[in-house]
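For the protein sequence lines, the chains are A and B, in the order given. Each residue of the first sequence is one higher than the one before, starting from 2 at the first, in my numbering. Each residue of the second sequence is one higher than the one before, starting from 61 at the first, in my numbering. For each residue, glycine too, the CB sits at the ideal point set by N, CA and C.
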Amino acid sequence: MAIPAPMSTALRAAAMLFFVVVVAACSRSSNDAVGLTGAGNLGPGGGAPGSQQEFIVTVGDRVFFETDSSSLTSEAMATLDKQAAWLNQYQNYRILIEGHADERGTREYNIALGARRANVVVNYLVSKGVNGQRITSQSFGKERPVAICNDISCWSQNRRAVTVVQ
Amino acid sequence: MTLVTRRSALKLGLAGGALLASAPMAMAQLRIVVEGANFQPLPIAIPDFASSDPTFGREIADIVRNNLRRSGLFLPLDPASLPVQVGDVNGTPDFNIWRTANVDALVMGSVERGGQISSSVRVWDTRQAAQVVGKSYNTDPNSARRIAHIVSDAIYEQLAGGSGYFDTRVIYVAESGPKANRTRRLAIMDQDGANMQYLTDGSSMALTPRFAPNGDLVTYMNFADGNPQVYLLQLSSGQQQRLANVGAMTFAPRFSPDGGTVAFSVEQGGATNLYAVSTGGGQPMQLTSGAAIDTGPSYSPDGSRIVFESDRGGSPQIYMMGAGGGNAQRISFGQGSYSTPVWSPKGDLIAYTRQSDGQFHIGIMAPDGSGERLLYSSFHAEGPTWAPNGRVIMFFQDPGGNDGPRLMSVDIWGRNPQTITTDTYASDPSWSGLRA
Chain A
2 MAIPAPMSTA
12 LRAAAMLFFV
22 VVVAACSRSS
32 NDAVGLTGAG
42 NLGPGGGAPG
52 SQQEFIVTVG
62 DRVFFETDSS
72 SLTSEAMATL
82 DKQAAWLNQY
92 QNYRILIEGH
102 ADERGTREYN
112 IALGARRANV
122 VVNYLVSKGV
132 NGQRITSQSF
142 GKERPVAICN
152 DISCWSQNRR
162 AVTVVQ
Chain B
61 MTLVTRRSAL
71 KLGLAGGALL
81 ASAPMAMAQL
91 RIVVEGANFQ
101 PLPIAIPDFA
111 SSDPTFGREI
121 ADIVRNNLRR
131 SGLFLPLDPA
141 SLPVQVGDVN
151 GTPDFNIWRT
161 ANVDALVMGS
171 VERGGQISSS
181 VRVWDTRQAA
191 QVVGKSYNTD
201 PNSARRIAHI
211 VSDAIYEQLA
221 GGSGYFDTRV
231 IYVAESGPKA
241 NRTRRLAIMD
251 QDGANMQYLT
261 DGSSMALTPR
271 FAPNGDLVTY
281 MNFADGNPQV
291 YLLQLSSGQQ
301 QRLANVGAMT
311 FAPRFSPDGG
321 TVAFSVEQGG
331 ATNLYAVSTG
341 GGQPMQLTSG
351 AAIDTGPSYS
361 PDGSRIVFES
371 DRGGSPQIYM
381 MGAGGGNAQR
391 ISFGQGSYST
401 PVWSPKGDLI
411 AYTRQSDGQF
421 HIGIMAPDGS
431 GERLLYSSFH
441 AEGPTWAPNG
451 RVIMFFQDPG
461 GNDGPRLMSV
471 DIWGRNPQTI
481 TTDTYASDPS
491 WSGLRA
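See the structure below:
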C-alpha cells in the first residue's frame with residue numbers, strides 16, 4: 002500500500018502510526034523483526050534511507066489479495082516493484098515473506114492459501130532481480146489477522162503478504 | 061497410572077459372577093428409536109448411586125445423568141422428584157411405585173471407593189418388570205469419572221443401540237490472548253470437558269491435533285522455530301518428533317485406521333499435495349501431484365480409500381481416491397465450497413465444512429456424495445470430528461470479531477446442538493475412540 006505524495010504532515014504521521022500499530026501486531030509472528038515494535042523508533046519522516054522504517058513507511062511492506070485468490074493486482078505489483086527496487090539497493094537485509102488469509106475459509110485450506118500467496122510474492126520479487134537466496138517464506142493461514150471485525154473491508158486487510166526485512 | 065482396562069473391567073464383571081444375576085432379562089422392549097421426525101428423548105430415572113460416601117454416590121450419578129442428557133437421546137428426571145432417592149442394586153425395585161411415577165426406565169447403581177473403585181448398575185424396564193442391564197466394573201482409584209462414563213456407555217448401548225461414546229477424550233487447540241496474536245496450545249480433556257490438561261506450553265503455535273486409534277499418539281502441526289511442520293506426540297511419554305522431512309511445509313495430518321500411517325499435506329513452491337508416511341519413519345509416498353491445493357485427507361475405516369479436499373477445479377471441493385493415490389473423483393457438487401472431509405468411523409457418512417451464502421455449515425453425506433444434509437449453520441463453523449459411534453459430531457464455531465472459537469456438538473440427525481464448556485477459547489477438536 003503506497004502513501005500518495007501530496008499528503009499533509011499530520012496525515013502522514015497518522016498513516017505512519019497506523020502502520021506502526023499494524024506492524025507491532027504482526028511482528029511477533031516473524032522471527033526477527035527487531036526495531037519495528039516501538040513507535041519511539043520512528044522519526045518524523047519515513048525513516049533513514051535504507052532503514053527498515055523506510056521500507057515499511059515509504060515503500061510499503063504488504064500487498065493485498067482478492068478473496069480466495071493469489072493473483073497479484075496491479076496495485077500489488079506496483080508495491081512489489083518498489084519493494085524489489087529497494088531490496089536490490091539495500092542488499093544486506095534478509096527477507097521473510099509472510100502469507101496470510103482472512104477468516105472466511107477453513108484452517109487447513111488457509112494455511113495452504115497463505116503459502117501460495119507468499120510464493121507468488123517470492124517469485125515476483127525474484128523476477129525483479131532480488132536474489133532468491135535472501136528470501137524465506139512462511140504461511141500463517143488465518144491465524145494472525147491484523148484487522149479484527151466482521152465485515153468485508155476488514156477481511157480484505159487480512160488477505161495479505163507481508164515483506165519483513167531483517 | 062494403571063488402569064483396569066475397559067475390556068478387563070468387563071471381564072471382571074463376568075468373572076466375578078457380577079454380570080448381575082437375578083430377574084429375567086427384558087427382550088429389548090425398552091429401546092429408543094433414535095431416528096424420525098417425532099423423536100422424543102427417553103425419560104429415565106437415575107437415583108443417586110448407593111455408596112458409603114453418599115456425596116460420592118451423588119457425584120457419580122450426576123456424571124451419568126449429564127452424559128445421558130447431553131446425548132439428547134435421554135431425559136434424566138430431576139432426582140429430587142423421584143420416589144426413591146438412592147439406588148439399590150441388591151433387590152428388585154417396587155415397579156408399581158415407578159409406574160405410578162410414569163418412569164419406564166430406571167437405573168439403580170452403587171459405587172464404592174476401596175483399593176479400586178467398584179460400581180454396579182442395573183437398568184430396569186418397569187413396564188416389563190425386567191432387567192435390561194446388569195453389570196459391574198472396577199477401575200483404579202484415580203478414575204472415578206471414568207467408571208461413571210463406562211456405566212453411561214453400558215446404559216446407552218443397551219437402550220439406544222450402537223456403541224457408546226462417553227468413555228472418550230477430546231484433544232483440541234486451547235486459544236487465549238488477543239485475536240491478532242493468539243496463543244494456541246494443545247489440550248486434552250474428557251468428552252464432557254472434565255480433566256483438562258495442557259499438552260504444549262504455547263511457545264509455538266499448535267494446530268490441527270488428531271488422535272491415533274490407540275489414543276496415545278497424536279499428530280499435529282507445530283510452528284516451532286518458524287518452520288511449520290507435522291509432529292508426532294506420544295501422550296504417555298511426552299516425547300515428540302517431526303513426522304517427515306519433505307517439502308517446505310507439512311500440515312493437515314491424519315492417521316490411518318490402523319495407526320501405522322499418517323496422510324498429510326506437503327507444500328512446496330506454493331503447491332500443496334498429499335503424501336503418506338509410516339509412523340515408524342521411512343520415505344514418504346506422494347499421493348497427489350499438480351499445482352492445486354490438496355489437503356484435509358481422511359481415511360475410510362477399512363483403510364482402502366482417502367477422502368480429501370482440493371481446489372483443482374477452482375473452488376475447494378471434496379474428492380475421493382484410493383489410499384495409494386491416483387484417479388480422484390469429485391463427490392461434492394452443491395453450491396459453494398466444501399472442505400475438511402472426515403470419514404465416519406462407521407464408514408457410512410462423511411462429515412465436512414461447507415461454505416455457501418456467506419455462512420459456514422457442518423454437513424454429512426454418503427461416501428458417494430449422495431444424501432447431503434446440513435446439520436448446523438452459522439457465521440462460522442468448521443472442523444468436524446466423529447464420536448466413535450458415528451452418531452455425534454464435534455466441531456468449532458467462532459462468532460467473529462474480537463470473540464473466539466468454542467467447541468460444539470450436534471448429532472447426525474441435526475438435533476441437539478450444544479456447546480462444550482472449556483476454560484479458554486477452543487478449536488480443532490479431535491475425538492478419541494473408546495478408551496482401552
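For residue i, write down the residues that DSSP places opposite it in a beta bridge.
i: B/Tyr379; result: B/Phe368 and B/Arg390
i: B/Ala257; result: Going by the sequence as given, residue 257 of chain B is Gln instead of Ala. Paired residues: B/Ile248.
i: B/Asn333; result: B/Val326
i: A/Glu99; result: A/Gln139 and A/Val163
i: B/Ile410; result: B/Trp403 and B/Met425
i: B/Ser111; result: According to DSSP, which records beta bridges pairwise, B/Ser111 is partnered with nothing at all.
i: B/Leu23; result: The first residue shown for chain B is 61 and the last is 496, placing residue 23 of chain B beyond what the model contains.
i: B/Asp122; result: According to DSSP, which records beta bridges pairwise, B/Asp122 is partnered with nothing at all.
i: B/Arg229; result: B/Asp250
i: B/Pro456; result: According to the sequence displayed, residue 456 of chain B carries Phe and not Pro. The partner list for B/Phe456 (beta bridge, DSSP) reads B/Glu442 and B/Leu467.
i: B/Pro103; result: B/Leu135
Please state the DSSP three-state secondary structure of residue i.
i: B/Asp285; result: helix
i: A/Thr164; result: strand
i: B/Glu235; result: strand
i: B/Gly117; result: helix
i: B/Asn127; result: helix
i: A/Cys155; result: helix
i: B/Val326; result: strand
i: B/Ala312; result: strand
i: A/Tyr94; result: coil
i: B/Val94; result: coil
i: B/Thr338; result: Residue 338 of chain B is actually Ser in this sequence, not Thr. Strand.
i: B/Ser490; result: strand
i: A/Tyr125; result: helix
i: B/Gln346; result: strand
Closer than 9 angstroms by beta-carbon distance: list the chain A residues that pair up with residue i, in chain order.
i: B/Arg242; result: Glu144 and Arg145
i: B/Gly356; result: Thr107, Glu109 and Tyr110
i: B/Pro376; result: Asp69, Gly106, Thr107 and Tyr110
i: B/Glu369; result: Thr107, Glu109 and Tyr110
List the residues of chain B whose Cβ lies closer than 9 angstroms to the Cβ of residue i, in chain order.
i: A/Ser140; result: Pro288, Met309, Phe311 and Glu327
i: A/Asn132; result: Those within 9 angstroms of A/Asn132 in chain B number zero; the least Cβ separation is about 17 angstroms.
i: A/Arg161; result: Simply none; closest approach about 13 angstroms.
Assuming contact is defined by CB atoms lying nearer than 8 angstroms, are residue i and residue j in contact in what I supplied?
i: B/Thr268; j: B/Ala312; result: yes
i: B/Ser212; j: B/Leu277; result: no
i: B/Met454; j: B/Val230; result: yes
i: B/Arg414; j: B/Gly474; result: no
i: A/Thr164; j: A/Gln84; result: yes
i: B/Asn241; j: B/Ser264; result: no
i: B/Val326; j: B/Leu303; result: no
i: B/Tyr412; j: B/Ala383; result: no
i: B/Ala266; j: B/Val290; result: no
i: A/Ala102; j: A/Arg160; result: yes
i: A/Ala81; j: A/Tyr125; result: Note on residue identity: the sequence assigns Leu, not Ala, to residue 81 of chain A. In contact: A/Leu81 and A/Tyr125 (Cβ atoms closer than 8 angstroms).
i: B/Leu90; j: B/Asp185; result: yes
i: A/Ala148; j: A/Gln158; result: yes
i: B/Phe226; j: B/Ala272; result: no
i: B/Gln251; j: B/Thr228; result: yes
i: B/Arg159; j: B/Met168; result: no
i: B/Pro489; j: B/Gly443; result: yes
i: A/Trp156; j: A/Glu99; result: no
i: B/Gly385; j: B/Leu347; result: yes
i: B/Pro107; j: B/Arg125; result: no
i: B/Phe420; j: B/Ser438; result: yes
Which bits of chain A does residue i rub up against, with CB to CB less than 7 angstroms?
i: B/Thr400; result: Thr107 and Glu109
i: B/Thr268; result: Arg108 and Glu109
i: B/Gly385; result: Chain A residues near B/Gly385: none, gap ~18 angstroms exceeds 7 angstroms.
Please compile the residues from chain B whose C-beta is within a distance smaller than 7 angstroms of the C-beta of residue i.
i: A/Ile96; result: Chain B residues near A/Ile96: none, gap ~14 angstroms exceeds 7 angstroms.
Residues of chain B with a CB under 8 angstroms from the CB of residue i: which are they?
i: A/Val121; result: Gly330
i: A/Ile149; result: Lys239, Ala240, Gly461 and Asn462
i: A/Leu114; result: Ile353
Note down, in chain order, every chain A residue with its Cβ under 8 angstroms from the Cβ of residue i.
i: B/Thr413; result: Thr107
i: B/Asp488; result: Arg108
i: B/Glu442; result: Thr107 and Arg108
Could I get the ranges of all uninterrupted beta strand (DSSP E) runs contained in the stretch 134-219 of chain B, with 3 residues as the minimum, in chain order? 134-136, 165-173, 177-185 and 190-199
Could you name each continuous alpha helix (DSSP H) segment of 4 residues or more that falls completely within the stretch 422-448 of chain B, going from the start of the chain to the end? none
Where are the beta strand (DSSP E) runs, 3 residues long or more, that stay fully inside the stretch 50-119 of chain A, in chain order? 63-65 and 96-101
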